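See below for the structure under consideration.
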Amino acid sequence: FYFSMSSNNIFGTLYETMCYFHSAHHQQLSSMQQQCKQIKNIADLHRLASDSHSFSYYLHNHHTIEDQRLFPKIAHKTDISHLEAHHAQLTQLLTEFDNFSRRLKQIKNPNEDIKTIVIDATALVDKVAKLVSEHERAEEQVISPDNMRKLFTESEMKQLFNL
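Going by our numbering, 425 is the number at position 104 of the sequence shown; the sequence numbering is gapless.
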């Protein structure tokens with residue numbers, strides 16, 4: 322994790338950092354949703370495949386960090402099973418997203434039914450966007466400064482999260 326120090330306290334720093342990454346995920350997903358509306362040819366499908374693969378890679382890394390370094394510490398203090406359930410769903414959905422991305426990259430035949438592919442791609446991107454958005458809002462509620470103050474002291478925050 323990279324922590325900015327624009328916040329005047331440790332509780333805000335964790336929250337702002339998480340929101341920064343979540344905002345980037347939202348922008349990437351919005352961009353892919355726009356791409357789906359503008360696909361005209363195989364090159365456009367390949368570009369979407371590349372972007373969805375990159376998104377999956379970065380989101381997987383983000384969740385790995387959360388799962389290994391952040392949320393286990395929070396789980397000692399409060400129930401976050403709803404976030405763990407989301408991560409399981411997201412892992413499954415990202416695998417599906419990655420498989421779809423691979424299939425898009427393999428399309429070579431200009432006679433393939435691009436409209437059907439675009440419908441499938443749009444549905445999948447929308448499904449990922451909905452779950453990611455829902456999940457990240459739930460994470461932000463858990464790590465909101467007000468909530469974290471109820472769970473941890475400032476020194477615990479520094480010690481637990483290396484701030």
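Positions of the beta carbon are idealized from the N, C-alpha and C atoms, including for glycine. As the structure is a computational prediction, the values presented were derived from the model and not from experiment.
Close-in-space but distant-in-sequence residues of the same chain around residue i (CB under 6 Å, 5 per side omitted)
i, result
"ARG424", "none"
"GLN356", "LEU369"
"ILE435", "none"
When the options are compared against residue i, the one with the closest alpha-carbon
i, options, result
"PHE418", "ASP400, LYS448, PHE392, HIS407", "LYS448"
"ASP499", "THR334, GLU475, LYS479, GLN462", "The requested residue 499 does not occur in the structure, where the chain is confined to residues 322 to 484."
"HIS456", "ASP365, SER402, ILE395", "SER402"
"SER344", "ASN382, LEU481, ASN483, ARG458", "ARG458"
"MET353", "SER375, THR334, ASN382, LEU404", "SER375"
First through last residue of the alpha helix (DSSP H) which encompasses residue i
i, result
"ARG423", "402-427"
"ASP441", "435-463"
"ASN430", "Counting along the chain, ASN430 falls outside any alpha helix (DSSP H), and DSSP gives it neither H nor E."
"LEU366", "363-386"
"PHE473", "Careful: PHE473 lies outside any alpha helix (DSSP H) and carries neither H nor E."
Counted within 10 angstroms of its Cβ, other Cβ atoms place residue i as buried (16 or more) or exposed
i, result
"TYR341", "exposed"
"GLN348", "exposed"
"SER373", "buried"
"ARG474", "The sequence given here has Thr at residue 474, not Arg. So THR474 counts as exposed."
"ILE360", "buried"
Within 9 Å, strictly: CB atoms of residue i and residue j
i, j, result
"HIS346", "LEU380", "yes"
"LEU350", "SER377", "no"
"ILE386", "MET478", "no"
"LYS358", "THR443", "yes"
Same chain, Cβ closer than 8 Å to residue i, five either side skipped, listed in chain order
i, result
"TYR336", "SER328, GLU461, ILE464, SER465, PRO466, MET469"
"PRO431", "ASN362, ILE363"
Sequence-distant residues of the same chain with beta carbon closer than 7 Å to residue i, five excluded per side
i, result
"HIS408", "HIS384, ASP388"
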